[in-house]
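Have a look at the structure below before the remarks.
Protein chains: 2
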Amino acid sequence: MNQHMSKLGFLEKSKLLIIHADDAGLSHSENRATIEALQNGIVNSYSIMVPCPWFYEMATFAKNNPQYDNGIHLTLTCEWENFRFGPVLPASEVPSLVDENGHFFKDRDSLKKNAVADDVWRELNAQIETALNFGLYPTHIDSHMYSIAVRSDIFKIYKNLGEEYNLPVLISSEMMEAVGLDVEVNIDDNDILIDKLHIGKKEDFDNGKLKDYYARVFDNLSVGLNVLLLHPAFDDNEMKGITINHKNFGAKWRQMDLDYFTSQDCKLRLKKSNVKLITWKDIGGTKV
Amino acid sequence: MNQHMSKLGFLEKSKLLIIHADDAGLSHSENRATIEALQNGIVNSYSIMVPCPWFYEMATFAKNNPQYDNGIHLTLTCEWENFRFGPVLPASEVPSLVDENGHFFKDRDSLKKNAVADDVWRELNAQIETALNFGLYPTHIDSHMYSIAVRSDIFKIYKNLGEEYNLPVLISSEMMEAVGLDVEVNIDDNDILIDKLHIGKKEDFDNGKLKDYYARVFDNLSVGLNVLLLHPAFDDNEMKGITINHKNFGAKWRQMDLDYFTSQDCKLRLKKSNVKLITWKDIGGTKV
């Protein structure tokens, strides 16, 4: 367990877990499912995408339901084919972050190649300011598609935003390795490096083993700070339209996430385990 | 029949009709239904809302299917409770058009009271330019919620945009009367004032008589230029979310629009009538 967690009073041998829903605000389907997973499931934290069309609906829910941990899902990429969104700032003010139509790039490589650091800094600041101006009290920041880890200078901006706004920041070696960012070089002692990040893999989904994977997470959780990321939504027409030609984290996958994290199976496994659920608010406790 | 139509060679005694779907681009549900009504129904023209999240999907369809008449549904208001959108221009550049969150006002009265004419002009220009830059060839312009008729000066901007871009503009006395704009004062000889605008009324919907109303339109069409406006969408979760607490033009209404204009009943009525279907392209023919 990293030293920050010990300082906060968590016991060295605790198995700590945050069960976190990403992508709130993306769509009505995602919002409905996230609320369902919070209210009737075991999800205990989520983060909102500020530049997305359904931000307003989810942010209104967050304001009216402060009992649920909610952070900002900082967004620099839009992976979808027909459902396109762009920055909170005018595209003309952050030209290095957008394609010819003023939308975010679909992939991390385009972002890595084109992004000017100052544009990233101003856009991410604007996303946080928009959330604050709307009256939200975010408990943490994290990142859509791990896009903030594409380059060291962008990763530094991400960490600095945490400092600036006094918010804990999701950092994990799995996330950095997935994007090819060197862990040794880019992490320092002040970072709250989580011990293990759990997220469904393409192979699990393709083999019909996504639920088995989640079950194993509960059964085999290690000591330390664990974060499990899921993406609840309904396999309905809206999500099918958004995720068209994109099986990975598609509508079916998201429905499975919703189904599993509201199921009796996961509730029983959690009950039988000696896992302690915590939230980002608990971690940021000393910072606020 | 107005002189412009006679000049175009339409016979004085013809019953001309454009069957037009509004609100394309609003949502995936609206897009799917609009495409269905064009491909398998009798809708022969539609217009796209440029500031909406699903503009990209519908504009891509329009580019790939130039056989269908498509215009720009100029947008200055967003009537929905949880699904909020705002101008194409940065909110800070058109402050008189937006609420505290940078979204369009929900009602025409707020627009009428707050809008600075120059902001309207720049925003509507930007909507048309965005569509043109995307590669669309719009056949006409019209207006969401008749919002361009809230004041004489804004109505004049609307007409001037038609001149500037050489596009026919939807103008009808019913539209002006609905918003309280004086027809005598605000219309001049160059305007293509349509002879009758047909649109479902709240009473028709509330009494379960919406389909009867549409059937009567076909059976009793008058000589001259008629435009029938509908709003096809599916009564699905996405549209229910958008139209929450808003029965008028809500999800059920829109599903009925889709159902009727793809039905055998409407196709038979059209066949039996001596109605001539035309499009905005036919009307703008001399202008291009």
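Protein chains in written order, with the working numbering: chain A, 796 to 1083; chain B, 796 to 1083.
Glycine included, each C-beta is placed from N, C-alpha and C at the ideal position.
This structure is a prediction, so every number in the text was calculated from the model and none was measured.
request  = Check whether the Cβ of B/I1037 lies closer than 9 angstroms to any Cβ atom in chain A.
outcome  = Counted from its first residue, the second sequence places residue 1037 of chain B at position 242. Closer than 9 angstroms: yes.
message = Within 10 Å of its beta-carbon, does B/N835 have 16 or more other beta-carbons around it, so buried, or fewer, so exposed?
response = For this step, residue 835 of chain B is matched to residue 40 along the second sequence. Looking at its Cβ environment, which holds fewer than 16 other Cβ atoms inside 10 Å, B/N835 is exposed.
inquiry  = For the ligand MG, is there any heavy atom lying closer than 8 angstroms to the beta carbon of B/N859?
reply    = Within the structure as shown, the ligand MG is missing, as the structure has no ligands at all.
query = Mind checking whether B/V845 and B/I867 have CB atoms under 9 angstroms apart?
reply = Looking up residue 845 of chain B in the second sequence gives position 50. Looking up residue 867 of chain B in the second sequence gives position 72. Closer than 9 angstroms, so yes.
message = With a threshold of 8 angstroms on Cβ separation, who are the neighbours of A/T1081 within its own chain once the five nearest residues in sequence on each side are excluded?
response = The count along the first sequence starts at 1 and reaches residue 1081 of chain A at position 286. Only weak support is given to the placement of A/T1081: the predicted model assigns it a pLDDT of 46, under 50, and the question is left unresolved by the model.
ask   = Start and end of the alpha helix (DSSP H) containing B/S842?
value = Walking along the second sequence from the start, residue 842 of chain B turns up at place 47. Here B/S842 belongs to no alpha helix (DSSP H); instead the beta strand (DSSP E) covers 840-843.
query = Looking at C-beta atoms only, is the number of pairs between the stretch 1046-1066 of chain A and the stretch 954-969 of chain A that lie closer than 8 angstroms three or more?
reply = The stretch 1046-1066 of chain A is not in contact with the stretch 954-969 of chain A.
ask   = Quick one: what does DSSP say B/N1021 is sitting in, helix, strand or coil?
value = Residue numbering aside, residue 1021 of chain B sits at position 226 when the second sequence is read from its first letter. In the structure shown, B/N1021 falls within a strand segment according to DSSP collapsed to helix, strand and coil.
Opening and closing residue of the beta strand (DSSP E) in which B/V1070 lies = Sequence index remark: in the second sequence, residue 1070 of chain B carries index 275 (1-based). That run of the beta strand (DSSP E) goes 1070-1072.
query = Can you tell me whether DSSP reads B/K991 as helix, strand or coil?
reply = What you label residue 991 of chain B is simply residue 196 of the second sequence in a count that begins at 1. Shown here, B/K991 sits in a strand according to DSSP, grouped into three states.
message = Assess contact between the stretch 934-950 of chain A and the stretch 868-880 of chain A, defined as three or more Cβ pairs (one per stretch) separated by less than 8 angstroms. Is contact present?
response = Contact holds between the stretch 934-950 of chain A and the stretch 868-880 of chain A, because three or more Cβ pairs, one in each stretch, are under 8 angstroms apart.
ask   = Between B/L1084 and B/I830, is the Cβ-Cβ spacing less than 9 angstroms?
value = The structure shown does not extend to residue 1084 of chain B, since chain B spans only 796 to 1083, so no value can be given for it.
inquiry  = Along the chain, where does the alpha helix (DSSP H) containing A/I943 start, and where does it finish?
reply    = As a first step, residue 943 of chain A is located in the first sequence; it is residue number 148 there, counting from the start. For A/I943, no alpha helix (DSSP H) run applies, since DSSP gives it neither H nor E.
key: Backbone CA spacing between A/E1033 and A/S822 [nearest angstrom]   = On the first sequence, residue 1033 of chain A is found 238 positions in, with the first residue counted as 1. On the first sequence, residue 822 of chain A is found 27 positions in, with the first residue counted as 1. Whole-angstrom Cα-Cα distance: 8 angstroms.
ask   = Would you call the stretch 1057-1070 of chain A and the stretch 1064-1076 of chain B touching, i.e. three or more CB-CB distances under 8 angstroms?
value = With the cut-off at 8 angstroms, the stretch 1057-1070 of chain A and the stretch 1064-1076 of chain B do not touch.
task = Using 10 angstroms around the beta-carbon of A/T1074, count the other beta-carbons present and answer buried if the total reaches 16, otherwise exposed.
result = Counted from its first residue, the first sequence places residue 1074 of chain A at position 279. By the 10 Å Cβ count, A/T1074 comes out buried.
request  = In angstroms with no decimal places, state the Cα-to-Cα distance between A/D894 and A/F878.
outcome  = Sequence index remark: in the first sequence, residue 894 of chain A carries index 99 (1-based). Sequence index remark: in the first sequence, residue 878 of chain A carries index 83 (1-based). The alpha-carbon atoms of A/D894 and A/F878 are separated by roughly 14 angstroms.
task = From the DSSP output, in three-state form, read off B/S938 for me.
result = Within the second sequence, numbered from 1, the residue matching residue 938 of chain B stands at position 143. Reduced to three states, the DSSP call for B/S938 is strand.
key: For A/S809, the three-state DSSP class (helix, strand or coil)   = Position 14 of the first sequence, counting from 1, holds the residue named residue 809 of chain A. Coil, per DSSP.
query = Using DSSP with H/G/I as helix, E/B as strand and the rest coil, what is B/A886?
reply = Numbered from its first residue, the second sequence carries residue 886 of chain B at position 91. B/A886 falls in the helix class under three-state DSSP.
request  = State buried or exposed for A/V980, treating a residue as buried only when at least 16 other CB atoms are found within 10 Å of its CB.
outcome  = Counting from 1 along the first sequence, the entry for residue 980 of chain A is found at position 185. So A/V980 ends up on the exposed side.
inquiry  = Using only CA atoms, which one of A/N928, A/Y1008, A/E852 lies nearest to A/I994?
reply    = By 1-based counting over the first sequence, the position of residue 994 of chain A is 199. Its Cα nearest to that of A/I994, the residue A/Y1008 stands out among A/N928, A/Y1008, A/E852.
query = In this structure, what does DSSP give as the bridge partners for A/H815?
reply = Taking the first residue of the first sequence as 1, we reach residue 815 of chain A at position 20. BP columns for A/H815 point to A/S840, A/L1024.
ask   = Which partner residues of A/H868 appear in the DSSP bridge assignment?
value = Locating residue 868 of chain A in the first sequence gives position 73, counting from the first residue. Bridge partners of A/H868: A/D937.
inquiry  = Counting only Cβ pairs nearer than 8 angstroms, list the residues of chain B close to A/S824.
reply    = In the first sequence, residue 824 of chain A corresponds to position 29, counting from 1. In chain order: N1032, E1033.
request  = Measuring only between beta-carbons, confirm whether A/R879 sits less than 9 angstroms from chain B.
outcome  = Residue mapping note: residue 879 of chain A aligns to position 84 of the first sequence, counting from 1. Chain B has a Cβ within less than 9 angstroms of the Cβ of A/R879.
request  = Could you tell me if A/L811 is buried or exposed, where buried requires 16 or more neighbouring beta carbons within 10 angstroms of its beta carbon?
outcome  = One-based indexing of the first sequence puts residue 811 of chain A at position 16. Flag for A/L811 reads buried.
message = What would DSSP say about A/F899, mapped onto helix, strand or coil?
response = Within the first sequence, residue 899 of chain A is the residue found at index 104, counting from 1. In the displayed model, A/F899 falls within a strand according to three-state DSSP.
key: For B/I966, the residue or residues it bridges with in DSSP   = Numbered from its first residue, the second sequence carries residue 966 of chain B at position 171. Bridge partners of B/I966: B/L988.
query = Can you name the residues that DSSP bridges to A/L893?
reply = As a working note, residue 893 of chain A is residue 98 in the first sequence. The question names Leu, but residue 893 of chain A is Val in the sequence shown. Paired residues: A/F899.
query = How many Å lie between A/H898 and B/E807 at the Cα?
reply = As a working note, residue 898 of chain A is residue 103 in the first sequence. As a working note, residue 807 of chain B is residue 12 in the second sequence. A/H898 and B/E807 have their C-alpha atoms some 49 angstroms from each other.
query = chain A beta carbons: is any one of them nearer than 9 angstroms to that of B/V1083?
reply = The residue given as residue 1083 of chain B occupies position 288 in the second sequence. Below a pLDDT of 50, predicted positions are generally treated as unreliable, and B/V1083, at 39, falls in that range; no measurement from the model is reported.
key: Pair within 9 angstroms by beta-carbon distance, A/L892 and A/F900   = As a first step, residue 892 of chain A must be located in the first sequence, where it is residue number 97. As a first step, residue 900 of chain A must be located in the first sequence, where it is residue number 105. A distance below 9 angstroms separates the beta carbons of A/L892 and A/F900.
query = According to the neighbour-count rule (16 or more other Cβ atoms, all chains shown, within 10 Å of its Cβ), is A/Q862 buried or exposed?
reply = One-based indexing of the first sequence puts residue 862 of chain A at position 67. Flag for A/Q862 reads exposed.
task = Go ahead and label A/V915 buried or exposed: buried means 16 or more other beta carbons lie within 10 angstroms of its beta carbon, across all protein chains shown.
result = As a position in the first sequence, residue 915 of chain A is number 120, starting the count at 1. The residue is buried, with at least 16 neighbouring Cβ atoms inside 10 Å.
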